[in-house]
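Enquirer:
Protein chains: 2
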Amino acid sequence: MEKELLLMLPGPVPIPERVRLAMARQAINHRSPEFGAVYADCVRVMKTAFGTANDLFIISGSGTAGMEAAVANIGRDKEIACIVNGKFGERLYKISQRYGKAHEVKSEWGTPVNLEALKAQLEAGAQVVTLVHNETSAGIKNPAEEIGKLCRKHDALFIMDGITSIAGDVVESDKWGVDIAITGSQKCFAAPAGLAMVSVSNRAWERLCKNPPYYLDLAAYRKSAGNKPMETPYTPAVPLFLAMREACLMIEEEGLPARIARHQKMSNAVQSAAKAWGLHLFPKIDKLHAFSSTVTAIEYPVGVKDDEMRGAIKKMGIVIAGGQDHLKGKIFRIGSMGAVSAPEILATLAAVQHALKKCGYTPKGDGVEAAAGVLG
Amino acid sequence: MEKELLLMLPGPVPIPERVRLAMARQAINHRSPEFGAVYADCVRVMKTAFGTANDLFIISGSGTAGMEAAVANIGRDKEIACIVNGKFGERLYKISQRYGKAHEVKSEWGTPVNLEALKAQLEAGAQVVTLVHNETSAGIKNPAEEIGKLCRKHDALFIMDGITSIAGDVVESDKWGVDIAITGSQKCFAAPAGLAMVSVSNRAWERLCKNPPYYLDLAAYRKSAGNKPMETPYTPAVPLFLAMREACLMIEEEGLPARIARHQKMSNAVQSAAKAWGLHLFPKIDKLHAFSSTVTAIEYPVGVKDDEMRGAIKKMGIVIAGGQDHLKGKIFRIGSMGAVSAPEILATLAAVQHALKKCGYTPKGDGVEAAAGVLG
């Protein structure tokens with residue numbers, strides 16, 4: 001068998017061997033003290049990564065299930081202001097349309113959040129606000145703290161999708177006034193895809209809506225988590241919990257601040273390479289916004305074709321992401337999430353640099369050397 | 377580390393090594409031809425086990441997510457007749473209450489379905505019927521074919537939970553007129569928990585309801601499954617798909633008829649042991665109903681305490697199930713699902729026999745010998 005491709009995507013990300021091997025063991029009973037201890041280990045570490053003392057649950061499902069759990073449990077029949085400056089903001093808007101009166105607070109993908117439009121929605125009575133903290137479709141980090149303050153000022157509930165920031169970037173859910181924060185397993189946690197995590201504030205519990213989907217009913221998760229041993233309401237994806245526990249223990253061992261600094265350093269290296277090549281980062285940021293430190297979105301130079309370039313990179317055993325929807329062909333994206341370290345970044349940048357040349361673009365300078373300077 | 381406990385539960389069941397090791401490999405991109413081929417392999421084998429030529433999808437979530445997908449996509453605002461003669465029938469009733477006008481067609485747990493009450497509901501205009509084919513909480517197999525005929529006669533849609541029958545017992549979804557059949561990964565497929573499968577008939581597609589939960593929107597699954605490569609709408613639990621593919625290949629290798637015969641033989645052995653001990657099987661069956669061939673529910677003899685007996689069995693490294701809800705302390709249940717074969721059954725029955733004696737009951741005869749006679 002050929003070696004596995006190196007996935008440098010904004011998720012799923014390569015999974016450390018320790019984490020993968022945790023799944024190879026025999027099934028354990030999900031209504032046993034042993035499983036309860038696995039669940040509790042995960043929650044302990046996750047609370048640190050979320051920056052929260054709130055309740056926190058693990059749902060067997062993808063990040064999208066977590067997004068829907070948030071909206072369905074506190075957004076039904078409510079006025080929901082949905083901040084959209086990328087694909088996942090759009091997804092929260094689509095989900096919100098199924099439950100409440102959703103209002104799109106829109107700006108172009110990869111451009112700053114329209115805070116004036118958000119204020120207008122809040123003044124007009126928005127009861128819930130949704131935000132994607134780190135918008136991977138565009139490589140932009142949105143000002144969650146600022147938006148949290150506005151929500152508090154207008155007494156609105158604040159849902160924050162932290163799927164690609166939590167455990168890889170600084171997140172302070174409680175300090176920022178986040179009522180429901182969401183993340184997924186296959187991003188900065190570097191665990192396998194298939195688990196969604198949600199934290200729930202007291203304010204959110206007080207305003208819980210009736211009749212959420214049965215599978216995503218947060219009150220049922222709270223009830224089962226209170227059992228001894230700690231449980232999930234329905235059969236959980238046991239191997240994914242075993243893997244996630246191992247991933248969480250690795251986060252504890254590395255230390256969260258060191259992990260966040262590593263993510264920052266890896267993305268700095270990618271940004272330096274782009275700059276050396278003479279390419280532009282895609283997001284248009286201001287002082288409230290920042291370039292993502294978990295994925296870097298870079299504009300294609302004129303004439304370089306997406307399929308050709310990513311095809312050439314894949315021939316070298318590496319997979320990077322293109323643009324989604326209307327950004328297809330316009331940008332490429334390099335993930336720096338999870339367990340990613342210098343060797344993967346250097347190999348990826350070397351492959352990108354070669355592919356750029358092959359596809360007809362002459363880099364202004366040596367991006368690989370620039371990145372090595374950051375990493376070394 | 378101690379050896380893992382032998383789980384003789386009605387799910388989760390022991391997972392063959394081949395299936396577990398399939399999860400240990402590195403993550404693969406879920407939007408790649410390789411993943412598409414994994415998904416397609418699973419669907420091919422599953423269609424055989426479901427007895428269907430209909431569309432079939434895999435949802436990353438537990439069996440309950442599959443149950444909700446069925447009800448939410450064809451039951452919203454409809455008159456739903458929910459057949460309840462055990463815990464999982466009750467769950468479908470609870471889910472149905474969140475979406476439509478649910479009517480309980482009730483009989484005592486473990487007793488035959490009340491067909492007269494069902495006919496009355498259908499005559500009164502029920503548009504959807506829900507049934508649990510094999511009710512593990514009580515060890516009874518319900519007459520799906522008969523109920524399918526009634527649904528067709530009254531032009532009602534038929535949802536069948538086959539979570540603990542599909543891939544372990546004869547299921548003919550198309551022949552029986554099932555519109556949505558559901559199963560889970562951790563039962564007769566002997567794969568890890570965390571995937572739900574649903575098949576959808578043309579009749580169901582024609583009567584699809586608006587506004588299902590976003591994560592469980594079957595139209596989105598259909599659209600993504602039609603992509604090349606075949607995809608899921610949201611990030612799937614990749615390792616569980618890899619494991620499921622391996623489990624499906626094992627089903628093809630064994631052959632479905634041989635697999636079904638093995639389940640029947642294993643449960644026959646357990647039933648013979650119960651009879652030899654002088655104990656009663658819990659279900660009260662008639663000619664339309666049958667004892668489950670994937671789990672055997674046995675009444676405790678007077679004086680034998682559930683905790684004591686199952687505790688004594690656990691000391692021998694084996695876990696069997698007690699009763700759920702009001703049956704707690706009244707019955708014990710032995711699973712014979714998935715990869716279970718003679719050694720596990722013999723060990724379990726030997727442990728039960730010993731525990732019965734230890735807990736103050738004198739078996740009438742040698743149940744282990746009786747079972748060996750069936751298995752040998």
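Here the protein sequences line up with chains A and B, keeping their order.
Residue 1 is where the first sequence starts when you use the working numbering, and the numbers rise one by one after that.
Residue 377 is where the second sequence starts when you use the working numbering, and the numbers rise one by one after that.
All C-beta atoms, glycine included, are put in the ideal place defined by N, C-alpha and C.
Treat the numbers as computed from the prediction; the structure is a model and nothing was measured.
(1) Work out the CA separation of LYS364 (chain A) and ASP306 (chain A) for me, nearest whole Å.
(2) Helix, strand or coil: how does DSSP classify LEU655 (chain B) here?
(3) Using a Cβ-Cβ cutoff of less than 6 Å, which residues in the same chain neighbour GLU684 (chain B) once the five nearest sequence positions on both sides are dropped?
(4) Are the CB atoms of GLY570 (chain B) and ALA502 (chain B) nearer to each other than 7 Å?
(5) So, ALA243 (chain A) versus VAL84 (chain A), is the Cβ gap smaller than 7 Å?
(6) So which residues of chain B does LEU21 (chain A) contact, with C-beta pairs closer than 7 Å?
(7) Would you mind telling me which residues of chain A sit closer than 7 Å to TYR610 (chain B), beta carbon to beta carbon, in chain order?
(8) According to DSSP, simplified to helix, strand and coil, what is GLU336 (chain B)?
(9) Do GLN121 (chain A) and GLY11 (chain A) have their beta-carbon atoms positioned less than 7 Å apart in this structure?
(10) For HIS530 (chain B), collect the residues of the same chain with a Cβ closer than 6 Å to its Cβ; drop the 5 residues on either side in sequence, then sort them by chain order.
(11) What are the start and end residues of each continuous alpha helix (DSSP H) run of 4 or more residues lying completely inside the region 51-133 of chain A, in chain order?
(12) Taking the continuous beta strand (DSSP E) assigned at THR670 (chain B), which residues delimit it?
(13) May I have a chain-ordered list of the beta strand (DSSP E) segments no shorter than 3 residues that lie completely inside the region 548-598 of chain B?
(14) For the ligand ZN, any of its heavy atoms closer than 6 Å to the Cβ of ASP682 (chain B)?
(15) Classify ARG709 (chain B) as buried or exposed, calling it buried when 16 or more other Cβ atoms lie within 10 Å of its own Cβ.
(16) List the residues that DSSP assigns as beta-bridge partners of LEU533 (chain B).
(17) Can the beta-carbon of ASP537 (chain B) be found less than 7 Å from the beta-carbon of MET443 (chain B)?
(18) With burial defined as no fewer than 16 other Cβ atoms inside 10 Å of the residue's Cβ, what is the status of HIS326 (chain A): buried or exposed?
(19) Find out if the Cβ-Cβ distance for the pair THR540 (chain B), ASN518 (chain B) is shorter than 7 Å.
(20) Compare the C-alpha of TYR99 (chain A) against each of A:ASN211, A:GLU146, A:ALA190 and name the closest.
(21) If we call anything under 7 Å between Cβ atoms a contact, is ILE166 (chain A) one with THR130 (chain A)?
(22) Mark ASP179 (chain A) as exposed unless 16 or more other C-beta atoms lie within 10 angstroms of its C-beta, in which case mark it buried.
(23) By the 10 Å Cβ neighbour count, where 16 or more other Cβ atoms means buried, how is ALA413 (chain B) classified, buried or exposed?
(24) Is the separation between the beta-carbon of ILE80 (chain A) and that of VAL13 (chain A) shorter than 7 Å?
(25) Among B:SER668, B:ALA595, B:GLU484, whose alpha-carbon lies nearest the alpha-carbon of GLU466 (chain B)?
(26) What would DSSP say about THR747 (chain B), mapped onto helix, strand or coil?
(27) Among the candidates A:ILE318, A:GLU299, A:TYR93, A:ASP41, whose CA atom is the shortest distance from the CA of ILE345 (chain A)?
(28) Output, in chain order, the set of chain B residues within a Cβ distance shorter than 7 Å of LYS101 (chain A).
(29) For ALA645 (chain B) versus ALA747 (chain B), is the C-beta spacing smaller than 7 Å?
(30) How far does the alpha helix (DSSP H) with GLY687 (chain B) in it extend, from its first residue to its last?
(31) By the three-class DSSP mapping on this structure, what secondary structure does ALA392 (chain A) have?
(32) Measuring alpha carbon to alpha carbon, tell me which of B:GLY654, B:GLY427, B:ASN405, B:TYR737 ends up nearest ASP550 (chain B).
(33) Between ALA27 (chain A) and chain B, is any beta-carbon pair separated by less than 7 Å?
(34) Nearest to GLN324 (chain A) by alpha carbon, out of A:ARG76, A:SER201, A:LYS87, A:LYS357?
(35) Would ASP453 (chain B) be called buried (16 or more neighbouring beta carbons within 10 Å of its own) or exposed?
(36) Flag ILE811 (chain B) as yes if its beta-carbon sits less than 7 Å from any beta-carbon of chain A, otherwise no.
Expert: From the atom records:
(1) 20 Å
(2) coil
(3) CYS735
(4) no
(5) no
(6) ALA400
(7) SER62, THR64
(8) Here chain B has residues from 377 to 752 only, and residue 336 (chain B) is not among them.
(9) no
(10) LEU498
(11) 63-74, 87-99, 115-123
(12) Where THR670 (chain B) is concerned, there is no enclosing beta strand (DSSP E), given that its DSSP letter is neither H nor E.
(13) 556-560, 571-576
(14) Looking for the ligand ZN in the displayed structure turns up nothing, as the structure carries no ligands at all.
(15) buried
(16) B:VAL504
(17) yes
(18) exposed
(19) no
(20) A:ASN211
(21) no
(22) buried
(23) exposed
(24) no
(25) B:GLU484
(26) Reading the sequence as shown, one finds Ala at residue 747 (chain B) and not Thr. Three-state result, ALA747 (chain B): helix.
(27) A:ILE318
(28) Here the premise fails: no neighbours, minimum Cβ distance about 14 Å.
(29) yes
(30) 682-691
(31) In the structure as shown, chain A starts at 1 and stops at 376, and residue 392 (chain A) therefore has no counterpart that could be examined.
(32) B:GLY427
(33) yes
(34) A:LYS87
(35) exposed
(36) Because chain B is modelled from 377 through 752, residue 811 (chain B) falls outside the range shown and cannot be assessed.
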